Amino acid sequence: MRDDIRAETLSIAGHGGDQIEAYLAQPLDEDRVGAVVVIHHMPGYDSWSKEVTRTFAAHGYLALCPNLYSRDAPGASPDDAAAAVRAKGGVPDERLVGDVGGAAAHLRSLSASNGKVGVIGYCSGGRQSFLSACSLPLDAAVVCYGAFIVGDPPEGMPHKATSLLHLAPQLHCPVLGLFGAEDKFPSPEQVAVLERTLKDQGADFEFHTYPDAGHAFFSPDRPSFRHEAAKEGWEEIWEFYGRLLAGGGA
Amino acid sequence: MCTYRTQTLNLQGSGKGASGWFSVTDASVYFDHPVHASAEHTLNLDFLNPALGPGARVALELNADSALALAAAIRTVLAASGLTGDLAPPAERSISV
Numbered sequence: 000m001r002d003d004i005r006a007e008t009l010s011i012a013g014h015g016g017d018q019i020e021a022y023l024a025q026p027l028d029e030d031r032v033g034a035v036v037v038i039h040h041m042p043g044y045d046s047w048s049k050e051v052t053r054t055f056a057a058h059g060y061l062a063l064c065p066n067l068y069s070r071d072a073p074g075a076s077p078d079d080a081a082a083a084v085r086a087k088g089g090v091p092d093e094r095l096v097g098d099v100g101g102a103a104a105h106l107r108s109l110s111a112s113n114g115k116v117g118v119i120g121y122c123s124g125g126r127q128s129f130l131s132a133c134s135l136p137l138d139a140a141v142v143c144y145g146a147f148i149v150g151d152p153p154e155g156m157p158h159k160a161t162s163l164l165h166l167a168p169q170l171h172c173p174v175l176g177l178f179g180a181e182d183k184f185p186s187p188e189q190v191a192v193l194e195r196t197l198k199d200q201g202a203d204f205e206f207h208t209y210p211d212a213g214h215a216f217f218s219p220d221r222p223s224f225r226h227e228a229a230k231e232g233w234e235e236i237w238e239f240y241g242r243l244l245a246g247g248g249a
Numbered sequence: 000m001c002t003y004r005t006q007t008l009n010l011q012g013s014g015k016g017a018s019g020w021f022s023v024t025d026a027s028v029y030f031d032h033p034v035h036a037s038a039e040h041t042l043n044l045d046f047l048n049p050a051l052g053p054g055a056r057v058a059l060e061l062n063a064d065s066a067l068a069l070a071a072a073i074r075t076v077l078a079a080s081g082l083t084g085d086l087a088p089p090a091e092r093s094i095s096v
């Protein structure tokens, strides 16, 4: 496999048919390959999110990162867009599902697609990855330290990011969960509740919790970066997607 | 962690952003990941005018000690000027970004 890729910004149909910005990276190999929707973290559709998207392409996957803030702040810098969305109260779950569904459909329409699509999300995107896996016909979902899959935000705050546990029985695909033992959102106790729920319903899943790591341990540009956890986490991702997304497919 | 903990409030004043001065109408206050500061979490302040678009923004990311010192300094200066006012907190909201 070569690691040559092409990456570009384009417009795709998101929730409700809205045209939204997205960043597509694809390997230049001509084989049919699996695809990944990359859900960006709370700081937005930023350079790191695009770097992650390119990383998937360099490892042989079609990868597409929709800009979840497209409608709220078209053309704005990622940090200004994130601030505008935060001030408005965030991304509605229904819209998120529509945007991820649109990204998955776009990936499946590409000539190099083998028809299989996974999803991955970091931080708030980790919760949204689980939400997508419960709402859309996807083939694999990776949840990186997603908060409020279990438990609601602290009392006294009007809910938008509510618990997703009630959706767990609708899970469409295997889940890989990657967490930090020192994280508070989600706490190890919340991860244990999710693990028990998925186990009780016989779901196909595997969780890894890394010691000496908290939230955002994958982010190399932040003090929270933990080399060992990130290295092992990436290895788990390649094994997981390699098993579930690879192959000639449709 | 993503704390999701955010307060928003309406303001009257002006700020100087990337394109010069503009009227500030709104602010967000949150303790969460910074974009630029070298810390896992900072007290972040966004001074905004949504009517002018997302670029109408003055942003600050302060470590917790700095933020508390700033808040104390604001109170001290206003009190010395005979201005105490109503310090009732604004509504807090969670977000799902």
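If you read the protein sequences in the order shown, they are chains A and B. The first sequence begins at 0 in numbering that gives the first Met the number 0 and counts up one residue at a time. The second sequence begins at 0 in numbering that gives the first Met the number 0 and counts up one residue at a time. Quick reminder that beta carbons are idealized off the backbone N, C-alpha and C, glycines included. Predicted model, so just to flag it, every value in this text is computed and none were measured.
Original post:
How far does the beta strand (DSSP E) with A/Ser223 in it reach, from first residue to last?
Top reply: Walking along the first sequence from the start, residue 223 of chain A turns up at place 224. No beta strand (DSSP E) contains A/Ser223, which DSSP labels as neither H nor E.
Original post:
Can you list the residues of chain A that B/Gly14 reaches, using a CB-CB cut of under 9 Å?
Top reply: Translated into positions along the second sequence, residue 14 of chain B becomes position 15. In chain order: nothing, as chain A lies at least about 13 Å away.
Subject >> Test: B/Thr41 CB closer than 8 Å to a CB of chain A >> reply: What you label residue 41 of chain B is simply residue 42 of the second sequence in a count that begins at 1. By this cut-off, B/Thr41 is not an interface position.
**OP:** State the DSSP-derived secondary structure class of A/Cys133, mapped to helix, strand or coil.
**Re:** Position 134 of the first sequence, counting from 1, holds the residue named residue 133 of chain A. Of the three classes helix, strand and coil, the one that applies to A/Cys133 here is helix, per DSSP.
**OP:** Starting from A/His207, follow its DSSP beta bridges and name the residues at the other end.
**Re:** The residue you call residue 207 of chain A lines up with position 208 of the first sequence. BP columns for A/His207 point to A/Leu177.
**OP:** Take the Cβ of B/Asp45 as the centre, count every other Cβ of all protein chains shown within 10 Å, and call the residue buried at 16 or more, exposed below.
**Re:** In the second sequence, the residue the question calls residue 45 of chain B occupies position 46. Buried.
**OP:** Decide if the region 81–88 of chain A is in contact with the region 48–66 of chain A; the criterion is three or more beta carbon pairs, one per stretch, under 8 Å apart.
**Re:** no
Original post:
Which term fits A/Ser223, buried or exposed, when burial requires 16 or more other beta carbons within 10 angstroms of its beta carbon?
Top reply: If you number the first sequence from 1, residue 223 of chain A lands on position 224. By the 10 Å Cβ count, A/Ser223 comes out buried.
**OP:** Identify whether A/Pro65 lies in helix, strand or coil by the three-state DSSP scheme.
**Re:** Reading the first sequence from its first residue, position 66 is the one you call residue 65 of chain A. In this structure, A/Pro65 counts as strand in the three-state DSSP scheme.
Original post:
Looking at the unbroken beta strand (DSSP E) that takes in B/Val57, where does it start and where does it end?
Top reply: As a working note, residue 57 of chain B is residue 58 in the second sequence. Looking at the DSSP string, the run of the beta strand (DSSP E) that includes B/Val57 is 56–61.
Original post:
Looking at the C-beta of B/Ser18, does it have a partner C-beta in chain A at a distance below 8 Å?
Top reply: Along the second sequence, one-based indexing puts residue 18 of chain B at 19. False, the Cβ-Cβ gap to chain A never drops below 8 Å.
Subject >> Neighbour flag for A/Met0 against chain B, beta carbons, 8 Å >> reply: For the purposes of this step, residue 0 of chain A is identified with residue 1 of the first sequence, where counting begins at 1. Not one chain B Cβ lies under 8 Å of A/Met0.
**OP:** Take A/Asp199 as the anchor and find which of A/His214, A/Ala167, A/Val35, A/Leu163 has the nearest alpha-carbon.
**Re:** For the purposes of this step, residue 199 of chain A is taken as the residue at position 200 of the first sequence. Of the candidates A/His214, A/Ala167, A/Val35, A/Leu163, the one whose C-alpha sits nearest the C-alpha of A/Asp199 is A/Ala167.
Original post:
If we cut at 8 Å on Cβ distances, does B/Ala66 have a partner in chain A?
Top reply: Here residue 66 of chain B refers to the residue found at position 67 of the second sequence. Not one chain A Cβ lies under 8 Å of B/Ala66.
Original post:
Is the shortest distance between the beta-carbon of B/Thr24 and the beta-carbons of chain A less than 8 Å?
Top reply: Here residue 24 of chain B is taken as the residue at index 25 of the second sequence, counted from 1. Not closer than 8 Å to any Cβ of chain A, the Cβ of B/Thr24 fails to qualify, so no.
**OP:** Go through its chain and collect everything with a Cβ distance to A/Leu164's Cβ below 8 Å, but skip five positions before and after it.
**Re:** Position 165 of the first sequence holds residue 164 of chain A. Cβ neighbours of A/Leu164 beyond the five flanking positions: Ile148, Val149, Val192, Leu193, Thr196.
Original post:
Quick one: is A/Met41 buried, meaning 16 or more other Cβ sit within 10 Å of its Cβ, or exposed?
Top reply: Numbered from its first residue, the first sequence carries residue 41 of chain A at position 42. Burial call: buried.
Subject >> Close beta carbons around B/Val57, own chain, < 7 Å, minus the five adjacent residues each side >> reply: Here the question's residue 57 of chain B lines up with position 58 in the second sequence. Correct list, in chain order: Gly14, Lys15, Gly16, Phe46.
Original post:
Under the three-state reduction of DSSP, which class applies to A/Ala245: helix, strand or coil?
Top reply: Within the first sequence, residue 245 of chain A is the residue found at index 246, counting from 1. Correct three-state label for A/Ala245: coil.
Subject >> Residue environment, A/Leu26, which counts as buried when at least 16 other CB atoms sit within 10 Å >> reply: Counting from 1 along the first sequence, the entry for residue 26 of chain A is found at position 27. Here residue 26 of chain A turns out to be Pro, not Leu, going by the sequence shown. It counts as buried.
Original post:
Under a Cβ-count criterion, where at least 16 other Cβ atoms within 10 Å of its own Cβ denotes burial, should A/Leu243 be classed as buried or exposed?
Top reply: For the purposes of this step, residue 243 of chain A is taken as the residue at position 244 of the first sequence. The residue in question, A/Leu243, is buried, as its Cβ has 16 or more Cβ neighbours within 10 Å.
Original post:
Among the residues of its own chain, which have a CB less than 6 Å from the CB of B/Ser95, if the five just before and after it don't count?
Top reply: Taking the second sequence and counting its residues from 1, the one referred to as residue 95 of chain B is at position 96. Reliability of the predicted coordinates at B/Ser95 is poor, the pLDDT of 47 falling under 50, and the value obtained from them is presented with this limitation in mind. None.
**OP:** Give the DSSP-derived three-state secondary structure of A/Gly155 in the structure shown.
**Re:** As a working mapping, residue 155 of chain A is identified with position 156 in the first sequence. Unreliable placement is indicated for A/Gly155, whose pLDDT of 45 sits below 50; no coordinate value is reported for it.
Original post:
Using the beta-carbon of each residue, which ones in chain A are nearer than 7 Å to B/Arg56?
Top reply: Here residue 56 of chain B refers to the residue found at position 57 when the second sequence is read from its first residue. The answer, in chain order, is Asp79, Ala82.
Original post:
With 16 as the cutoff for other CB atoms within 10 Å, does A/Lys230 come out buried or exposed?
Top reply: Counting from 1 along the first sequence, the entry for residue 230 of chain A is found at position 231. Exposed, since its Cβ has fewer than 16 Cβ neighbours within 10 Å.
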